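Enquirer: Got a structure for you, written out below as structure tokens; questions coming shortly.
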Amino acid sequence: MSLQNTNRPLWLTFDCYGTLIQWDEGLRAAVDEILRTKHGNHVDPAKLIEVYDRHEHALEQTPPHRSFRKVAGDGLRLALEELGLHSAQDDVRVLTDGISAMPPFPEVVSTLRRLKEEGYRLCIVSNTDDDIISGNVAQLGGHIDRVITAQQAGAYKPVRRLFDYAHEQLGVTKDDVVHICASPHLDHAAARDIGFRCVWIDRGTGRTLLPDYTPDATLTTLDQVPPLFTSLGW
């Protein structure tokens with residue numbers, strides 16, 4: 213599908229972490245801090261992140277629905293135990309506080325400002341809790357109109373229920389939005405299943421496309437979005 217000859221969206225929805233907020237960099241910093249407390253360990257931080265991601269995503273899709281803080285804590289504990297490390301009670305605080313403090317990418321705030329000036333309404337749709345993401349949203353210059361979380365919807369991406377809930381809350385159909393995201397595994401799966409328009413911000417982190425879905429546009433940074441939309445006559 214192409215964005216050509218489609219209607220200007222009423223809302224732009226954004227994935228937060230990895231799209232607006234520096235997730236990979238922030239997660240690495242939190243993991244480094246956690247590992248510094250594990251005396252005598254020789255675990256590669258990248259390996260801990262890999263194992264943590266696997267457990268976190270599995271827990272998100274395992275009933276019953278739990279808060280992201282609970283999912284993150286359980287996922288981290290399971291990852292540490294799998295790698296032979298002791299899990300301390302403070303580890304999850306380091307992780308979730310670190311997530312909340314993660315800053316935006318350098319071009320994000322100015323780009324959000326420009327999109328607002330051009331008349332778009334902006335909403336974040338994120339796999340997190342309200343209290344965790346509030347610290348990130350506070351760094352986005354006041355340009356975000358709505359924040360829809362997994363906590364509110366009772367569901368995590370890639371399950372479509374989170375997006376269905378977001379569209380219901382915004383009072384729109386899938387044809388009224390363009391979703392801008394960095395995660396093929398989570399957001400592209402929902403775009404494929406629901407059929408909303410999707411722009412992929414591929415920041416060169418090694419994430420790969422799903423075998424059965426191609427986004428409507430691929431850009432490398434968020435500041436390429438306004439020129440793209442201008443070229444479409446929006």
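Quick note on numbering: the sequence shown equals residues 213 to 446 in this note's numbering.
Quick reminder that beta carbons are idealized off the backbone N, C-alpha and C, glycines included.
Computed from a predicted model, the values in this text were never measured in an experiment.
At which residue ranges does the region 262–314 contain complete alpha helix (DSSP H) runs of 4 or more residues, listed in the order of the chain?
Expert: Listed in chain order, they are 280–294 and 303–313.
Enquirer: Check whether the region 423–430 touches the region 304–324, taking contact to mean three or more Cβ pairs, one atom from each stretch, closer than 8 Å.
Expert: Output reads no: the region 304–324 does not touch the region 423–430.
Enquirer: Assuming I344 and V306 make a contact with CB atoms under 8 Å, what is their CB distance in whole Å?
Expert: Your numbering for residue 344 matches position 132 in the sequence shown. Your numbering for residue 306 matches position 94 in the sequence shown. Actually they are not in contact, since the Cβ atoms of I344 and V306 sit about 13 Å apart, beyond 8 Å.
Enquirer: Taking 8 Å as the limit between beta carbons, can you name the residues of its chain near L431, skipping five residues before and five after?
Expert: Walking along the sequence shown from the start, residue 431 turns up at place 219. So the list reads V411, W412, I413, D414, V437 and L440, once near-sequence residues are dropped.
Enquirer: Can you find at least 3 beta carbon pairs, one from the region 319–336 and one from the region 369–376, that sit closer than 8 Å?
Expert: As far as the Cβ criterion goes, the region 319–336 does not touch the region 369–376, which means the pair count is below three.
Enquirer: Any idea what DSSP makes of L422, helix, strand or coil?
Expert: What you label residue 422 is simply residue 210 of the sequence shown in a count that begins at 1. Here L422 sits in coil by DSSP.
Enquirer: Could you check which residue in A365, V255 and G285 has the C-alpha nearest to that of H269?
Expert: The residue given as residue 269 occupies position 57 in the sequence shown. Looking at the Cα atoms, G285 is the closest of the given residues.
Enquirer: Please identify the residue among A367, D405, D227 and Q301 whose C-alpha is closest to the C-alpha of S279.
Expert: To locate residue 279, count along the sequence shown from 1; it is residue 67. Looking at the Cα atoms, A367 is the closest of the given residues.
Enquirer: Does DSSP classify S395 as helix, strand or coil?
Expert: Walking along the sequence shown from the start, residue 395 turns up at place 183. Reduced to three states, the DSSP call for S395 is coil.
Enquirer: Just how far apart, CA to CA, sit D303 and A242?
Expert: Position 91 of the sequence shown, counted from the first residue, corresponds to residue 303. Position 30 of the sequence shown, counted from the first residue, corresponds to residue 242. The alpha-carbon atoms of D303 and A242 are separated by roughly 9 Å.
Enquirer: Using 10 angstroms around the beta-carbon of Q234, count the other beta-carbons present and answer buried if the total reaches 16, otherwise exposed.
Expert: In the sequence shown, counting from the first residue as 1, residue 234 sits at position 22. Counting Cβ neighbours within 10 Å, Q234 comes out buried, since at least 16 surround it.
Enquirer: Excluding the 5 residues preceding and the 5 following T323 in the sequence, name in chain order all residues of the same chain whose CB lies nearer than 8 Å to its CB.
Expert: As a working mapping, residue 323 is identified with position 111 in the sequence shown. Result list for T323: L434, D435, V437 and P438, in chain order.
Enquirer: Are S312 and G347 close, meaning C-beta to C-beta below 8 Å?
Expert: Position 100 of the sequence shown, counted from the start, is the residue given in the question as residue 312. Position 135 of the sequence shown, counted from the start, is the residue given in the question as residue 347. Their beta carbons are under 8 Å apart, which means S312 touches G347 by this criterion.
Enquirer: How would you label P276, buried or exposed, when you count the other beta carbons within 10 angstroms and need 16 or more for buried?
Expert: For this step, residue 276 is matched to residue 64 along the sequence shown. Label assigned to P276: exposed.
Enquirer: List the residues that DSSP assigns as beta-bridge partners of S338.
Expert: In the sequence shown, the residue the question calls residue 338 occupies position 126. Answer by DSSP bridge pairing, in chain order: T361.
Enquirer: Between the C-alpha atoms of S214 and V390, what's the straight-line distance to the nearest angstrom?
Expert: Position 2 of the sequence shown holds residue 214. Position 178 of the sequence shown holds residue 390. Cα to Cα, S214 sits roughly 12 Å from V390.
Enquirer: Counting C-beta neighbours from all protein chains within 10 Å, is the total for H267 16 or more, i.e. buried, or is it exposed?
Expert: Position 55 of the sequence shown, counting from 1, holds the residue named residue 267. The residue is buried, with at least 16 neighbouring Cβ atoms inside 10 Å.
Enquirer: Can you look up W235 in the DSSP assignment and give me helix, strand or coil?
Expert: Walking along the sequence shown from the start, residue 235 turns up at place 23. It is helical.
Enquirer: May I ask which residues mark the beginning and end of the beta strand (DSSP E) holding A401?
Expert: Here residue 401 refers to the residue found at position 189 of the sequence shown. Element bounds for A401: not the beta strand (DSSP E) but the alpha helix (DSSP H), A401 to I406.
Enquirer: Relative to the alpha-carbon of H251, which residue among G296, V320 and R409 has its alpha-carbon at the smallest distance?
Expert: By 1-based counting over the sequence shown, the position of residue 251 is 39. Comparing Cα positions, the closest option is G296.
Enquirer: Tell me where the beta strand (DSSP E) around L431 begins and ends.
Expert: Here residue 431 corresponds to residue number 219 of the sequence shown, with the count starting at 1. That run of the beta strand (DSSP E) goes A429 to L431.
Enquirer: With a CB to CB cut of under 8 Å and the five nearest residues on each side skipped, what residues in its chain are close to D399?
Expert: Reading the sequence shown from its first residue, position 187 is the one you call residue 399. Same-chain partners within the cutoff: D227, K369, P370, H391, C393 and C410.
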